[in-house]
Each structure stands twice: as C-alpha cells, then as structure tokens.
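Q:
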Amino acid sequence: MSTAGRRILLGAIVVYLILPLVAVFLYSVATVWQSRILPDGYTLEHYVAVAVDPRVQGAVLRSLALAVLVTLIDIAIVVPAVFWARVRNPRIRPIIEVGAAIPFALPWVVIAFGIDRLVGEWAPSWQTTFPVLVLAQSAIAFPFFYWAVDGAMAATGIARLTEAAETCGARPIQILRRIVLPIIRTGVATGTVLVFAVSFGEFALARILVGSSYDTLPLWQAQALLRTDDQLNELAVTTVLSFLVLFALAAWLVARGRSSGASLAAGAQVGTPTEAPR
Amino acid sequence: MSSVSLRGVVKRYGSVTALDTVDLDVASGELVALLGPSGCGKTTLLRTVAGLERHDAGRVAIDDEDLSSVPTRSRPIGMVFQSYALFPNLTVRQNIAFPLEVRGRPAAEVRRRVDEMLDLCHLGIQADRYPNQISGGQAQRCALGRALAASPKVLLLDEPLSALDALVRVRLRDEIRRVQQQVRITTLYVTHDQAEAMAIADRVAVMNHGRIEQLDHPAAIYDDPSTPFSAAFVGSRNAVPVVVRDGEVRIGPARLPAPVGTAGTDRLVAYFRPEEVELSDDPEDLPVRVELVVFLGPVTRLHLDAELDGGPVRFHLDLPSRQAAAHPVGSLRRIRIDPSLVRLFPAATEVHP
Numbered sequence: 000m001s002t003a004g005r006r007i008l009l010g011a012i013v014v015y016l017i018l019p020l021v022a023v024f025l026y027s028v029a030t031v032w033q034s035r036i037l038p039d040g041y042t043l044e045h046y047v048a049v050a051v052d053p054r055v056q057g058a059v060l061r062s063l064a065l066a067v068l069v070t071l072i073d074i075a076i077v078v079p080a081v082f083w084a085r086v087r088n089p090r091i092r093p094i095i096e097v098g099a100a101i102p103f104a105l106p107w108v109v110i111a112f113g114i115d116r117l118v119g120e121w122a123p124s125w126q127t128t129f130p131v132l133v134l135a136q137s138a139i140a141f142p143f144f145y146w147a148v149d150g151a152m153a154a155t156g157i158a159r160l161t162e163a164a165e166t167c168g169a170r171p172i173q174i175l176r177r178i179v180l181p182i183i184r185t186g187v188a189t190g191t192v193l194v195f196a197v198s199f200g201e202f203a204l205a206r207i208l209v210g211s212s213y214d215t216l217p218l219w220q221a222q223a224l225l226r227t228d229d230q231l232n233e234l235a236v237t238t239v240l241s242f243l244v245l246f247a248l249a250a251w252l253v254a255r256g257r258s259s260g261a262s263l264a265a266g267a268q269v270g271t272p273t274e275a276p277r
Numbered sequence: 000m001s002s003v004s005l006r007g008v009v010k011r012y013g014s015v016t017a018l019d020t021v022d023l024d025v026a027s028g029e030l031v032a033l034l035g036p037s038g039c040g041k042t043t044l045l046r047t048v049a050g051l052e053r054h055d056a057g058r059v060a061i062d063d064e065d066l067s068s069v070p071t072r073s074r075p076i077g078m079v080f081q082s083y084a085l086f087p088n089l090t091v092r093q094n095i096a097f098p099l100e101v102r103g104r105p106a107a108e109v110r111r112r113v114d115e116m117l118d119l120c121h122l123g124i125q126a127d128r129y130p131n132q133i134s135g136g137q138a139q140r141c142a143l144g145r146a147l148a149a150s151p152k153v154l155l156l157d158e159p160l161s162a163l164d165a166l167v168r169v170r171l172r173d174e175i176r177r178v179q180q181q182v183r184i185t186t187l188y189v190t191h192d193q194a195e196a197m198a199i200a201d202r203v204a205v206m207n208h209g210r211i212e213q214l215d216h217p218a219a220i221y222d223d224p225s226t227p228f229s230a231a232f233v234g235s236r237n238a239v240p241v242v243v244r245d246g247e248v249r250i251g252p253a254r255l256p257a258p259v260g261t262a263g264t265d266r267l268v269a270y271f272r273p274e275e276v277e278l279s280d281d282p283e284d285l286p287v288r289v290e291l292v293v294f295l296g297p298v299t300r301l302h303l304d305a306e307l308d309g310g311p312v313r314f315h316l317d318l319p320s321r322q323a324a325a326h327p328v329g330s331l332r333r334i335r336i337d338p339s340l341v342r343l344f345p346a347a348t349e350v351h352p
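Quick mapping for you: the protein sequence lines, in order, are chains E and U. Residues 0 to 277 (numbering that gives the first Met the number 0) make up the first sequence, in order. Residues 0 to 352 (numbering that gives the first Met the number 0) make up the second sequence, in order.
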C-alpha cells in the first residue's frame with residue numbers, strides 16, 4: 000500500500016474510533032443539540048446534575064467497588080493458580096481451561112439466572128446482595144485474567160525459569176517475588192484492565208442478580224435510556240466519566256510499567272520465548 | 000574420594016524406566032560427559048542429581064552426603080540449561096548475583112564475586128544488558144557465570160550448546176572447558192553430540208535405554224567400543240552383517256576368528272571405522288563400486304557397494320580429500336580391512352542411533 004493510502008486508512012480508523020467519543024462528549028456539555036452539526040450552546044449543568052444525583056452517586060460507587068473487588072479477587076486467585084498449573088501440576092490446566100471457557104460457551108443471562116436460582120435455593124438471605132454479585136462477577140470475569148497471565152507465563156517459559164531459580168538456591172517465595180511477578184506484570188496489567196472494564200460495565204449479571212434492589216452504573220444508564228424525561232445528557236455525562244475511569248486506569252498501568260527499566264525489558268520479553276535460539 | 004556418587008539409581012515414569020539402576024562415580028574436578036540419543040536417560044540423570052527429578056530407588060550423593068531428601072535449592076550444585084533460562088527481568092550482572100543474593104550473602108561479597116564471574120566468563124561489556132539484548136553465546140556464558148557464582152561443588156550442564164549455531168558452538172565448548180579447568184569444578188555434561196563429548200570430557204558415559212553402556216576415556220571409547228551401541232553411536236562406523244562359518248568370519252578375504260560363544264551360522268555385525276578401510280590393488284581383495292563421493296573437508300567419504308555372502312553390502316571409506324579425485328562415482332576398486340580393527344557383536348542387538 001502506498002504511503003498516502005496508508006495515511007487515509009489510518010485516518011479513517013482514527014475518525015471511526017474518536018468521532019463517537021467526541022459526539023458523546025459534546026452531548027454531555029450541550030444545552031440543546033437538535034438541527035445543527037454542533038450544539039446550540041454549551042453548559043456544565045449536566046455534570047452538576049449528575050454529581051448531586053444520589054442515585055447516580057450510589058450507582059457509580061457500587062460499580063467502582065464491584066470492579067475493584069472483582070479485580071483483587073481474580074488477581075489473588077488466578078496468579079497463584081496459573082503458576083501452580085504451569086510449574087508444579089500441569090494436570091489441573093484442563094480443569095482451569097474448561098472453567099475459563101464456560102462464560103463464553105453460555106450466555107451470561109443464562110449463567111446469571113442459574114446463579115440466582117442456586118442462591119435462592121441454598122442461601123435465600125444472600126439473594127440480591129452485593130457479595131453475591133461480586134463473587135458471580137469474579138467467576139465470570141476470571142477468564143480474561145487467566146488468559147492474559149497464562150499467555151505471559153507461557154511466553155516466558157516460567158517453568159524452566161523456576162527450575163533455574165531453584166538451582167540458584169531460591170525459595171518459592173523468592174521465586175514468585177523476584178522472578179515470576181516481575182516477568183508477568185505485563186500480563187497482570189492487561190488482565191487487570193480487562194477484568195476491571197468488564198466488571199465496571201457489566202449489565203446482564205447485575206440486572207438479574209440485584210437489579211430489583213439497586214443500581215450499578217450500567218443499570219442506571221439503561222434506565223436513563225428508557226425513561227422519557229430528559230436525562231439523555233446525563234447519560235452522556237456518565238458515559239464520558241466511565242470512559243475516563245477506564246482510560247485513567249490503563250494509562251496508570253502503562254506509566255507504572257514504564258517506570259523501571261527492568262519491567263520494560265520484561266515486557267519486551269513477552270512473545271520472545273527464552274527457548275528460541277538467537 | 001569421588002565427588003559425585005550414584006548407586007543403583009532408578010527412575011520410572013509410569014511403565015517407562017528412564018534410569019535403570021545407574022552407578023556412576025565422578026572424581027573431584029573431573030568432567031564426565033553423558034552421551035546418548037534422545038530418550039536415553041542422560042537428562043533425567045542430570046536432573047536427578049539436581050533434585051529436579053526424584054529418583055525412585057538408589058542413592059545420589061555429593062561428597063558422600065546423601066541428597067535424596069535434600070531439595071534442589073539446598074544442593075551444592077550450579078546448573079546450565081539448553082534454553083539458557085536467564086531471568087529476563089534481570090541484567091547479566093543481576094542474573095549472576097541472584098544465587099548469591101537469595102542466599103543472603105553480604106552486598107560487598109556479592110559485588111566482588113559477580114565481578115570475578117564477569118571476568119571469568121568474559122562478560123564485562125555486557126554486564127548491564129538484559130538477556131534479550133545479548134547473543135546466544137553471551138547468554139550461555141552468563142548462565143555459566145550464574146551457575147558458578149555461589150561456588151557450588153558440582154556443575155551440571157544440560158546440552159548447553161544445542162541452541163547455538165555451529166561456529167559459536169565449538170568456540171563456547173572450548174570456553175566451557177577452559178572455565179571448568181580453571182575453577183577445577185566437578186562437572187556432569189549432557190550432550191547427544193559425540194564429537195562434543197569426545198572433545199570436552201575427561202571421561203564419557205555412553206547411555207542407552209536408561210543405562211550406562213560404557214564409561215571410559217574418549218580415546219578408549221573411540222578405539223574399543225565395548226558394546227554394539229557404543230560402536231554404532233560413537234564415531235561413524237561401518238556396520239556389516241556377517242555370518243559365522245567354520246569358526247571364523249570372513250569379510251572378503253579378511254578372516255577373523257569367531258568370538259567365543261558363537262556357533263556356526265550365527266549372525267553377527269562387524270563394526271569398523273571408515274578410515275580403517277583401505278583401497279588395494281591385490282586381486283584377492285574385495286571388489287567394490289564407487290556409488291557416492293561425499294566431501295567432508297579434510298577427508299572425503301566414498302560410499303562403496305560390494306557383494307558379501309551373496310547379499311549387497313555398503314562400505315564407507317575415508318580418504319584424504321586430495322586423493323579422492325582419482326575415484327569418481329562408477330569406478331571399480333578393491334578394498335581391504337585389517338581384521339584386528341574389526342569389532343564383532345551379535346546381530347540381534349544392532350543399533351541405529
């Protein structure tokens with residue numbers, strides 16, 4: 000492809016990605032925007048309205064809490080599990096893989112109903128509670144973390160590096176802290192962004208498990224879309240805000256990854272198997 | 000006193016016996032090469048000494064200390080892997096420092112020791128590079144420095160040159176030998192390359208099917224293989240099927256007394272090296288036809304077809320390359336074999352490595 004052709008294609012992709020964001024942002028600061036190409040006037044009153052709306056406040060806080068808790072749970076469970084499967088007991092890998100396929104093999108609505116019925120059967124007092132939503136979301140979102148971390152471990156030949164570290168006299172905790180975690184931090188960062196984003200924006204599970212009791216941000220947004228009273232500008236505001244939250248998280252992780260040369264090298268190493276002859 | 004001592008070591012994977020009652024003694028400061036085809040158990044043996052595999056029976060000891068219940072991290076060993084296995088998040092210097100730091104040595108000692116290792120392995124310039132910024136040869140020298148940093152009693156090398164290209168391989172082989180002799184460290188060296196084993200080792204252990212078939216100095220193994228497997232695997236040999244008749248074996252006009260314990264019409268295989276076959280003008284000698292001429296550098300190998308006991312047989316004959324032009328494909332010649340250089344083994348155990 001010629002240079003000009005490449006630029007046009009790139010430009011088209013940028014427009015395709017950026018234009019909706021710009022439009023949403025403009026709508027969030029528009030007074031009226033009906034018959035012209037740009038809004039008739041600009042205002043911050045929708046931001047103020049969102050900031051003082053207790054329903055939105057609650058929804059945002061719950062969504063944030065949900066995403067943070069789910070991410071922490073998945074990190075705490077998945078990293079050691081993948082390390083164990085890669086280094087000590089490869090026989091548990093098929094089990095993890097099947098588990099990681101379930102959220103994609105079944106529609107989340109079906110899973111949500113299943114979980115709801117299960118909880119209703121065994122622990123009715125837990126129905127529609129926040130902990131159930133956190134646990135269910137952790138189970139649904141873990142494959143994103145699993146694949147990111149497993150890929151990072153596979154790409155760097157973590158089993159062989161662990162053996163090398165053992166012959167160097169290192170204890171398991173030293174191996175995890177000084178070798179494994181620094182090497183897979185790119186995978187952990189990727190998994191964190193994915194899990195956080197999925198949990199922050201998840202709708203079906205929240206709708207079915209807790210929707211009758213209270214809102215998360217996506218639940219509030221869906222209702223705002225359906226309502227006839229004019230809350231569409233506020234919907235645009237929350238959309239912009241959730242985009243900013245995820246963008247800030249991703250940017251923070253990238254910046255953290257850059258802060259030390261070691262992790263840069265480790266990042267560069269991902270995808271370059273150490274086994275490969277040079 | 001032997002530094003590494005294995006007694007009746009057995010390792011099984013399900014129904015497969017990877018190590019079949021192996022005995023091996025390595026003297027202090029000695030380099031023993033474990034040589035054999037893939038699947039012969041040589042890497043399993045090395046990993047058993049490292050503690051990365053647990054043996055099912057027998058005794059593994061270093062300096063008479065039984066290591067059976069000692070975990071890898073507490074064994075007095077250093078190990079180099081085929082795939083380098085350098086820590087990608089650490090520089091060359093940090094990699095070499097790692098075994099010292101995890102053992103809690105004081106910072107000043109770590110620094111001094113790392114500098115010694117960088118010097119020993121000629122890595123001064125690469126000290127602050129990351130593993131993905133150095134060449135394969137440099138990576139393996141770094142792995143060697145890391146393995147030696149904590150002054151282990153035994154150095155274990157698992158096919159350290161197999162991932163490198165041919166030129167680097169020979170240079171690093173000599174480098175490893177230099178370092179090993181400088182440090183005078185007891186060493187086990189796993190390889191499937193017989194030339195590499197011959198070049199680097201004080202003694203070579205030829206392994207097959209989880210057993211050590213022969214353990215001897217390189218020249219002794221080369222000149223006098225004690226088993227058909229050694230004969231076939233070490234050096235490239237002619238393997239000619241022959242039959243015992245009247246208490247002797249004939250290869251053309253060459254006559255050998257049949258080995259003790261063989262009877263008439265027993266099938267044997269005669270092993271002898273290509274450089275031990277001679278061209279001759281004697282009309283009594285075996286007629287052959289040149290089928291293929293292979294230039295190997297200093298020597299050229301002629302593939303020669305002959306008839307022996309009514310069947311077709313192919314001989315290999317090595318000539319100094321300057322003399323090879325006189326024997327083009329298709330020419331008819333005669334060859335002779337010195338019976339004293341031929342080793343006879345029963346045919347059933349013939350091996351194709």
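Ideal Cβ placement from N, Cα and C applies to all residues, glycine included.
(1) May I ask whether a heavy atom of the ligand FMN can be found less than 6 Å away from the beta carbon of U/T261?
(2) Determine the DSSP secondary structure at E/V31, reduced to helix, strand or coil.
(3) So is U/A231 in contact with chain E if we call contact Cβ pairs under 7 Å?
(4) Just the Cα atoms here: how many angstroms apart are U/G38 and U/M206?
(5) What number of angstroms, rounded off, separates the C-alpha of U/I334 from the C-alpha of U/G309?
(6) Along the alpha helix (DSSP H) that carries E/Y145, what are the first and last residues, could you check?
(7) Report the residues of the stretch 152 to 164 of chain E with a CB closer than 7 Å to any CB of chain U, ordered along the chain.
(8) What span of residues does the alpha helix (DSSP H) with U/A194 cover, start to end?
(9) Determine the burial state of U/S106: buried for a count of at least 16 other Cβ atoms within 10 Å of its Cβ, exposed for fewer.
(10) From U/T264 to U/V243, what does the alpha carbon distance come to, in whole angstroms?
(11) Can E/T127 and E/V209 be called in contact, C-beta distance under 7 Å?
(12) Report the CB separation of E/W125 from E/V133 in whole angstroms; it is logged as a contact under 8 Å.
(13) Pull up the CB-CB distance for E/S137 and E/I72, whole angstroms please, since I reckon it's below 8 Å.
(14) Please check if any C-beta of chain E sits within less than 7 Å of the C-beta of U/V182.
(15) Does the stretch 32 to 51 of chain U touch the stretch 137 to 147 of chain E, meaning 3 or more C-beta pairs lie closer than 8 Å?
(16) I'd like the list of long-range same chain contacts for E/R85, defined as Cβ closer than 7 Å, with 5 residues on each side in sequence excluded.
(17) Any C-beta of chain U within less than 7 Å: which residues of the stretch 64 to 92 of chain E qualify?
(18) Going by C-alpha distance, which of E/I74, E/R61, E/W83 is nearest E/V192?
(19) If contact means a Cβ-Cβ distance below 7 Å, which residues of the stretch 171 to 199 of chain E contact chain U?
(20) For E/W121, does the count of other Cβ atoms within 10 angstroms reach 16, so buried, or fall short, so exposed?
(21) Which residues in chain E have a C-beta closer than 8 Å to the C-beta of U/T190? List them in chain order.
(22) Give me the Cα-Cα distance between E/L245 and E/T185, rounded to the nearest whole angstrom.
(23) Taking the runs of the beta strand (DSSP E) that are 3 residues or longer, which of them lie wholly in the stretch 60 to 111 of chain U?
(24) What separation, rounded to the nearest whole angstrom, lies between the Cα atoms of E/A22 and E/L225?
(25) Using three-state DSSP, classify U/A149 as helix, strand or coil.
(26) Which whole-angstrom value is the C-beta distance of E/G168 and U/P258, which I expect to be below 8 Å?
(27) Would you say U/G82 lies against chain E (beta-carbon separation less than 7 Å)?
(28) Would you check if the distance between the CB atom of U/T185 and the CB atom of U/G28 is smaller than 7 Å?
(29) Starting from U/A253, trace the beta strand (DSSP E) in both directions and tell me its first and last residue.
(30) Compute the beta-carbon to beta-carbon distance between U/A230 and U/F344, rounded to the nearest angstrom, for a pair I have assumed lies under 8 Å.
(31) Shortest alpha-carbon distance to U/R92 belongs to which of U/I76, U/A126, U/F80?
(32) For U/L318, collect the residues of the same chain with a Cβ closer than 7 Å to its Cβ; drop the 5 residues on either side in sequence, then sort them by chain order.
(33) Between the stretch 97 to 113 of chain U and chain E, which residues of the former have CB atoms less than 7 Å from a CB of the latter, in chain order?
(34) Would you say E/T273 faces chain U, with C-beta separation under 7 Å as the test?
(35) Per the DSSP calculation, U/Q213 is bridged to which residue(s)?
(36) Going by Cα to Cα distance, which pick from E/V253, E/A249, E/L231 is closest to E/L25?
A: The answer reads as follows:
(1) With respect to small molecules bound, the structure shown includes none, and the ligand FMN cannot be examined in it.
(2) coil
(3) no
(4) Rounded to whole angstroms, U/G38 to U/M206 spans 10 Å at the Cα level.
(5) 17 Å
(6) 129 to 154
(7) Answer in chain order: T155, G156, R159, L160, E162, A163.
(8) Boundaries of the alpha helix (DSSP H) around U/A194: 193 to 199.
(9) Just to set this straight, residue 106 of chain U is Ala in the shown sequence, not Ser. The Cβ neighbour count for U/A106, taken over all protein chains shown within 10 Å, is under 16; the residue is labelled exposed.
(10) Straight-line spacing of the CA atoms in U/T264 and U/V243 works out to 5 Å.
(11) yes
(12) Going by Cβ atoms, the distance from E/W125 to E/V133 rounds to 11 Å, so no, they are not a contact pair.
(13) 4 Å
(14) no
(15) no
(16) M152, I157, A158
(17) none
(18) With distances taken between Cα atoms, E/V192 lies closest to E/I74.
(19) Q173, I178, P181, I182
(20) exposed
(21) Those do not exist, as U/T190 stays about 16 Å from chain E at its closest Cβ, beyond 8 Å.
(22) 17 Å
(23) 76 to 79
(24) Rounded to the nearest whole angstrom, the C-alpha separation of E/A22 and E/L225 is 20 Å.
(25) Coil.
(26) Going by Cβ atoms, the distance from E/G168 to U/P258 rounds to 52 Å, so no, they are not a contact pair.
(27) Reading off the sequence, residue 82 of chain U comes out as Ser, not Gly. Closer than 7 Å to some Cβ of chain E, the Cβ of U/S82 qualifies, so yes.
(28) yes
(29) 253 to 256
(30) 7 Å
(31) U/A126
(32) If we look at U/L318 and ignore the five residues flanking it on each side, its Cβ neighbours are V298, T299, L301.
(33) F97, P98, V101, R102
(34) Note that E/T273 has pLDDT 38, beneath the 50 cutoff, so the model's placement of it is unreliable and no number is given.
(35) U/V205
(36) E/L231
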